[in-house]
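Residue numbers (our numbering): 14 to 157. We treat Cβ as the ideally placed atom computed from N, Cα and C, and that holds for glycine. Because the structure is a prediction, the values reported are computed rather than measured. Below is one structure, written out as structure tokens, with a few remarks after it.
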């Protein structure tokens with residue numbers, strides 16, 4: 014009987030602790046969302062699509078996607094990712110102040126990518142609405 018009582022008490026303690034932990038996580042999430050909304054800004058893309066035309070397999074295509082911070086707060090880009098490992102985006106390391114224009118450099122390595130290519134670059138930032146995806150496309154012809 015003591016073992017059953019002890020088991021029930023331990024189970025109740027775990028349930029109670031778990032409920033409190035979930036409440037704290039939910040409260041923290043709301044606070045972070047509110048902070049993000051307060052520190053958000055807006056962005057205007059100058060270049061959102063780059064068609065590099067036709068290149069020979071093995072060539073590297075480099076392009077700078079330009080954008081402008083049109084909000085009142087500094088624009089902070091925390092991450093950039095591409096849809097393929099053959100495409101490498103480089104984000105600005107410093108915040109972009111209100112009214113400033115900046116760019117995201119993208120390098121596409123066409124080695125082993127013969128045919129039509131459509132790559133997307135996703136940007137994580139404090140822009141609201143979210144930073145639109147950047148698009149890079151063109152044709153890679155096999156090397157002779």
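Next item on the list: Would you give the residue range spanned by the beta strand (DSSP E) that residue 103 belongs to?
Entry: By one-based count along the chain shown, residue 103 stands at place 90. Segment 100-103, the beta strand (DSSP E) holding residue 103.
Next item on the list: State the Cα-Cα distance for the pair residue 119 and residue 85, rounded to the nearest angstrom.
Entry: Position 106 of the chain shown holds residue 119. Position 72 of the chain shown holds residue 85. The alpha-carbon atoms of residue 119 and residue 85 are separated by roughly 27 Å.
Note to self: To the nearest angstrom, how far is the alpha carbon of residue 110 from that of residue 148?
What the structure shows: Counting from one through the chain shown, the residue named residue 110 turns up at place 97. Counting from one through the chain shown, the residue named residue 148 turns up at place 135. Residue 110 and residue 148: Cα-Cα distance of roughly 24 Å.
Item checked: Presumed contact (8 Å Cβ cut-off) between residue 56 and residue 80, rounded CB distance -> For the purposes of this step, residue 56 is taken as residue 43 along the chain shown, with counting starting at 1. For the purposes of this step, residue 80 is taken as residue 67 along the chain shown, with counting starting at 1. Contact holds; Cβ gap of about 5 Å.
Margin query: On the DSSP letters alone, give me the boundaries of the beta strand (DSSP E) that residue 106 sits inside.
Written below: As a first step, residue 106 is located in the chain shown; it is residue number 93 there, counting from the start. Counting along the chain, no beta strand (DSSP E) covers residue 106, and no H or E run does either.
Check: For residue 51, which of helix, strand or coil comes out of DSSP?
Finding: Along the chain shown, read from residue 1 onward, the residue named residue 51 stands at position 38. In the structure shown, residue 51 sits in a helix (DSSP, three-state: H, G or I).
Next item on the list: Taking residue 57 as part of the beta strand (DSSP E), name the residues at either end of that continuous run.
Entry: Within the chain shown, the letter at position 44 stands for residue 57. 56-58 is the extent of the beta strand (DSSP E) around residue 57.
Next item on the list: Could you work out which residue in 150, 90, 155 is closest to residue 116 when comparing CA atoms only?
Entry: Start at 1 with the first residue of the chain shown, and residue 116 comes out as number 103. Comparing Cα-Cα distances from residue 116 to each of 150, 90, 155, the minimum goes to 90.
Next item on the list: Report buried or exposed for residue 74, applying the criterion of at least 16 other Cβ atoms within 10 angstroms of its Cβ.
Entry: Indexing the chain shown from 1 puts residue 74 at position 61. Classification of residue 74: buried, given that the 10 Å Cβ count is 16 or more.
Check: To the nearest angstrom, how far is it from the Cα of residue 154 to the Cα of residue 71?
Finding: The residue labelled residue 154 in the question sits at position 141 within the chain shown. The residue labelled residue 71 in the question sits at position 58 within the chain shown. Distance between the alpha carbons of residue 154 and residue 71: 9 Å.
Item checked: Assigned secondary structure, residue 38 (DSSP; H/G/I helix, E/B strand, else coil) -> For the purposes of this step, residue 38 is identified with residue 25 of the chain shown, where counting begins at 1. Unreliable positioning characterises residue 38 in this predicted model, as indicated by a pLDDT of 45, which lies under 50. A coordinate reading is not provided.
Checklist line | Every unbroken beta strand (DSSP E) within the region 80-155, with a cutoff of 3 residues, ordered by chain | finding: 90-95, 100-103, 114-122, 128-138, 147-154
Checklist line | Residue closest to residue 103, alpha-carbon to alpha-carbon, out of 77, 112, 52 | finding: Indexing the chain shown from 1 puts residue 103 at position 90. Per the Cα distances, 77.
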